[in-house]
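Undergrad: With our numbering applied, the sequence shown covers 682 to 974.
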Amino acid sequence: MNTHRDSASRIKGLPSLPASLESWERYFSGMDIPVLKRTVLNFESMAENKDTLDIRTIADAVLDDPLMTIKVYAWSARIRNRRQITDIETLEPIIMMSGVEPFFRQFSHLHSIEDSLKEHPLALGGVLRVISRSYRAATYARDWALRRRDLDTEVILIAALLHDFIEMLMWVLAPTDCAEIELRKKLDSTLRSADVQHAVFGVSFNHLEHALAVRWHLPELLISMMGDQNAEHPSIRNVIYAVNLARHSSRSWDNPALPDDFRDIAGLLNISVERAKELILPEEFRNKKEDHS
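(1) Relative to the C-alpha of L902, which candidate in D833, L949, R810, D845 has its C-alpha closest?
(2) Report the rounded CA-to-CA distance for W705 versus P699, giving the unit in angstroms.
(3) How long is the line joining the alpha carbons of L772 and I760, rounded to whole angstroms?
(4) What separation, rounded to the nearest whole angstrom, lies between the Cα atoms of E971 and M778?
(5) Cα separation between R956 and Y821?
(6) Can you tell me whether V716 is helix, strand or coil according to DSSP?
(7) I need the straight-line Cα distance from L962 to K867, nearest angstrom please.
(8) What are the boundary residues of the alpha helix (DSSP H) that G807 is part of?
(9) Is the Cβ-Cβ distance between V881 and D845 less than 7 Å?
(10) For V877, which residues of its own chain have a beta-carbon under 8 Å away from its beta-carbon, when the five flanking residues on both sides are left out?
(11) Starting from the N-terminal side, write out each stretch of the alpha helix (DSSP H) that is 4 residues or longer and does not extend beyond the stretch 921-969.
(12) Distance, Cα to Cα, S916 vs Q787?
(13) Which same chain residues end up closer than 6 Å to N723 when comparing Cβ atoms and leaving out the 5 residues on each side of it in sequence?
(14) CA-CA distance, K799 and I952?
(15) What is the rounded straight-line gap between the Cα of W934 and the Cα of Y922?
(16) Pull up the DSSP beta-bridge partners for S793, would you.
(17) Once you ignore the five residues that flank M749 on each side, which residues in its own chain have a CB closer than 6 Å to its CB?
(18) For L899, which residues from the same chain have a beta carbon less than 6 Å from its beta carbon, with the 5 sequence-adjacent residues on both sides left out?
(19) Contact check, A818 vs A841 under 8 Å by CB: the rounded distance?
(20) Quick one: measure Cβ to Cβ for A912 and R918, integer angstroms, because I've assumed they're closer than 8 Å.
(21) With the cut-off set at 7 Å, would you say K718 and E795 are in Cβ contact?
(22) Given that a residue counts as buried once 16 or more other Cβ atoms are within 10 Å of its Cβ, and exposed if not, what is P747?
(23) If we ignore side chains and look at the alpha-carbon of each, how far apart do W825 and L949 end up?
(24) Would you call V808 buried or exposed, if buried means 16 or more other Cβ atoms sit within 10 Å of its Cβ?
(25) What span of residues does the alpha helix (DSSP H) with A772 cover, start to end?
(26) Hey, how far is the Cα of R810 from the Cα of A758?
(27) Mapping DSSP to helix, strand and coil, what is H879?
(28) How many angstroms separate the CA atom of W852 from the CA atom of E725?
(29) Once DSSP output is grouped into helix, strand and coil, what is the label at H888?
(30) Three-state secondary structure (DSSP) at F846?
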């Protein structure tokens, strides 16, 4: 067994990292998902004033953290199964179903990724980069869905927000291995992410994410939008293109994949490529391009 896997697994007290899709599923199903430190503090404050809060305010606080969002969905599925309730696709009905007081009681002992990774600052930087990227993807996805007048705008936003939740959790569980993946891809830009993930972890993040979403009985509409299958459906393309753009522009606006992204987005929104660039590129970058033309 390589030293990376041994070093990473000791962080969570595992004798070794899981070696198959099924064992990864079992591990994550029993994991107490950590959240952002600000979420811990925010929930503690809200719990003290829960009688004055409206449901939308609580839902927005959950959505402000992709890890808290997946934590709530995984929990709500267990409640729904017991009560034989059909899919609940957005957060407000979940909170209403549980009741505000039981909801805060359920999430009264949150722990943070900052505490989990206090001795691993590089890993904390890694997970925060993925979370930041997920915010950007969710913003793009929401804006385009509104422009398209999609009736499932909030589900599209949530799907983009959660699209890479396994990558976030892997940084917490196995930071050394995630750093190795980043290094391999940096040294060879032609490598496919799924291939490197499989080489290091024995499973691709997309496959594991889909398996967990099914195991946790997430809403079918959300599962379909989080996956990359059936990409001809406009709502699913909306999510995929938002995730791609956020990923490709995360470090700079010079990524060679961006021209394809602009073409995809233009087709989705039924606008010209130049108009898509105007909507997406930061003003200072557009001005920079014009100065060099």
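The C-beta atom is built at its ideal place from N, Cα and C for all residues, glycine as well.
TA: So, to answer that:
(1) Closest by alpha carbon: D833.
(2) 5 Å
(3) 14 Å
(4) With a pLDDT of only 44 at E971, under the threshold of 50, the placement of this residue in the model should not be trusted, and no figure is reported.
(5) 15 Å
(6) strand
(7) 24 Å
(8) 802-829
(9) Not closer than 7 Å, so no.
(10) I862, R865, K866
(11) 939-950, 954-961
(12) Their backbone Cα atoms lie some 32 Å apart in a straight line.
(13) A742
(14) 46 Å
(15) 15 Å
(16) V716
(17) Correct list, in chain order: V716, T720, V743.
(18) Y754
(19) That pair is a contact at about 4 Å.
(20) 6 Å
(21) yes
(22) buried
(23) 9 Å
(24) buried
(25) Per the sequence shown, the amino acid found at residue 772 is Leu instead of Ala. Its alpha helix (DSSP H) spans residues 772-779.
(26) The straight-line gap from Cα to Cα measures roughly 28 Å.
(27) H879: helix per DSSP, three-state reduction.
(28) 25 Å
(29) In the structure shown, H888 falls within a helical segment according to DSSP collapsed to helix, strand and coil.
(30) helix
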